[in-house]
Structures are given as C-alpha cells and as structure tokens.
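The structure appears below as structure tokens.
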Amino acid sequence: MTRITAWRRHPLARYAVLILALALVGMVYAAFVQAGKPADAALAAGKVDDVAEGRSLFEKHCMSCHGTNAQGTTTAPTLIGVGAAAVDFQMSTGRMPAAAPGPQAPRKPPAPWVNETTTRQIAAYVQSLGGGPQVPGAEQVDPKLGDAGKGGELFRANCIQCHNWVGAGGALTQGKYAPNLNEATPTQIYEAMVTGPQAMPVFNDTTITPEEKRSMIAYITQVREQRDPGGFALGRIGPVTEGLVAFVVGIAALALAAIWITAKKRQKS
C-alpha cells in the first residue's frame, strides 16, 4: 500500500492516468466505428447482409481488375472511397463490368448477372470500404420538384461545353467523349454529378447544391422532350452539323445549277 500511495503522489501520476484514459477511449471508439461501418453502409443499401453478398459478388466479377481489396491495379482504379453512387451509376449504365479496356467505357446493356439486387449488394460492399457519395433518394432526383429555368442556367454555365446545350454530347481529347444524356435516368444524372465518372469533374454539394442538381435534372429531362417545328433537328448537335449540311447542300445545288446552265447553252447552239 505504501508503494501504491507513493506512486499516486508522484508528480507524473496524473499524466499517466490521463494518457491511459485517452488510450482507453480511443480503443473503444475505434471498436465502435469499425463495427458500425458495414452496418451503416448496408443500412443505406437496404439490408445488413448486402455487404457480405456484395463482397462475394465482387470477388467473382470485379476483383480481377480492381484488386483483392478494391485497392486498384494498373488496369482499373481503386474503389475505396468512391461510394455506392459510383457503383450504381457504372453498373446500371452497363459501363461496368467493362467489355474491353479503352480510353472510355461506353454505355451498353448491363451484363446478364447485373440487376437491381446485385448492384445494390456490390454498392453496399464498396460503401463499407471507405464511405463516399450514396445513391440519392427519390425526392432528390424528382424533376417535378426542380426549377427547369434555373436548371437551364446552371446547365449552360457548367455543362454545355462538353454535353451540348441539349445534352447531345460531344467529342473530347484522347479518344474520350461527353456522352448523350437522353438515355440517362434522373438518378444516373445525379450520380454522375456527385461522382465525376470518366473525364467528368465532380460537382459536390458545395459547388452545386442538391436543390440545384434537382433543377438541372428538371431541365435535362424537359429539353429532351422538346420538338423542332422550324425544320430538321440534325441531331441537335449545333453549328458544326448545320454548317456541314449547308456546305454539302450548297455545293450540290451550285453544281446542279452549273450543269443545267451548260446543258441549256448547248441546246441553243
């Protein structure tokens, strides 16, 4: 007892107790965080079992490119921290699994084993690895709740440089391109903005708020339904196509006119 009492009265005893208490709190906190990560991710995806099922699917279909623990390889990037939204976007649009390596994965029909359930399960597993943007809810992407006028302003300020003013898409550098948005669902449009797939930048909530994203979705879905009463749409790509058609039609008209004038002169002579 005398020795213990002496230790308690030592000048460094209070610091030792403080360090011990902090270490204990840190270990308890770390245990709770590690235990809660998969559960939180699965809860966001719908089922607690989704993480385990998602890992099994990942090992079967994705591990060969993305690595054993989704850490990435020379073939494919890391999936740690990309979030469930990125997985849902890539798999629902058929971009993943990729058919072949290339500068950009094209949109295509999903693989036979890909469906709503398997996509949700792999998304839950990837979400458990390091967080990231989650799949948006129905209200977040409902075009009826957005302001199409405001969305058009935002779209023209941030997106038309690549996607064209009506979302028809366009070519980029090094074999990449901005895809046509006419086939994208409101959920996929939102997920693309928060995850930045391919060459697209990330528009997080501090850059474009969720309400503004919803308004942009309202504009994109509205403009695709517009008609072209003034003439041919020509793909709605813009002045490049219009100029090409004007040049080809104009040259053809001039050539035909020249042939007709020459033929008339020969008849007179």
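Under this note's numbering, think of the first position of the sequence shown as 1138, with each following residue one higher. We put the beta carbon where it would ideally sit given N, CA and C, even for glycine.
Taking the alpha-carbon of residue i as reference, which of the options has the nearest alpha-carbon?
i, options, result
"Gly1218", "Glu1196, Gly1333, Leu1194", "Gly1333"
"His1300", "Ala1321, Val1382, Gln1277", "Ala1321"
"Val1303", "Leu1309, Ala1294, Thr1310, Gln1311", "Ala1294"
"Cys1202", "Val1360, Met1233, Val1188", "Met1233"
"Glu1276", "Ala1235, Pro1323, Met1330", "Pro1323"
"Thr1255", "Met1164, Glu1190, Gly1380, Thr1343", "Glu1190"
"Met1336", "Gly1306, Gly1204, Thr1346", "The sequence shown places Ala at residue 1336, rather than the Met named in the question. Among Gly1306, Gly1204, Thr1346, the Cα nearest to that of Ala1336 is on Gly1306."
"His1198", "Leu1157, Ala1394, Ala1236, Thr1343", "Ala1236"
"Gly1267", "Val1278, Gly1204, Thr1215", "Thr1215"
"Arg1361", "Ala1213, Ala1207, Pro1280, Gln1208", "Pro1280"
"Tyr1327", "Thr1310, Pro1347, Gly1312, Gly1269", "Pro1347"
"Gly1274", "Gln1325, Ala1308, Leu1159, Pro1246", "Gln1325"
"Pro1247", "Met1228, Ala1400, Ser1265", "Met1228"
"Asp1187", "Val1382, Ser1265, Thr1205, Ala1160", "Ser1265"
"Phe1340", "Val1162, Pro1270, Gly1312", "Pro1270"
"Leu1282", "Ser1193, Gln1359, Met1200", "Gln1359"
Hey, quick one: how far does the alpha helix (DSSP H) through residue i stretch, first residue to last?
i, result
"Lys1313", "Neither: Lys1313 is in no alpha helix (DSSP H) and is coded neither H nor E."
"Glu1196", "1187-1198"
"Thr1230", "Neither: Thr1230 is in no alpha helix (DSSP H) and is coded neither H nor E."
"Ala1260", "1253-1267"
"Lys1350", "1347-1360"
"Gln1298", "1297-1300"
Could you give the DSSP three-state label for residue i: helix, strand or coil?
i, result
"Gly1209", "coil"
"Gly1289", "helix"
"Gly1307", "strand"
"Leu1180", "Its pLDDT being 47, under 50, Leu1180 is placed unreliably in this model, and the coordinates cannot settle the point."
"Val1278", "helix"
"Thr1332", "helix"
"Val1219", "coil"
"Leu1318", "coil"
"Gln1325", "helix"
"Met1337", "coil"
"Gly1283", "coil"
"Lys1174", "Any reading at Lys1174 is ruled out, since the residue's pLDDT is 49, under 50, leaving its predicted position unreliable."
"Asp1225", "helix"
"Thr1343", "coil"
"Gly1204", "coil"
"Val1272", "coil"
"Ala1235", "coil"
"Ala1390", "helix"
"Ile1396", "helix"
"Ala1158", "helix"
Pairs of beta-carbons, one from the region 1258-1274 and one from the region 1214-1231, closer than 8 Å: are there three or more? Proximity of the region 1258-1274 to the region 1214-1231 meets the contact definition, three or more beta-carbon pairs being nearer than 8 Å.
Touching by the beta-carbon criterion (3+ pairs, under 8 Å), the region 1235-1249 and the region 1306-1322: Touching, yes.
Could you check whether the region 1348-1361 touches the region 1382-1393, counting it as contact only if at least three pairs of C-beta atoms, one from each stretch, sit closer than 8 Å? Contact fails: fewer than three Cβ-Cβ distances are below 8 Å.
Would you be able to state if there are at least three C-beta pairs under 8 Å between the region 1281-1297 and the region 1242-1256? no
Count the CB pairs spanning the region 1277-1288 and the region 1336-1352 that are closer than 8 Å, and state whether there are at least three. With the cut-off at 8 Å, the region 1277-1288 and the region 1336-1352 touch.
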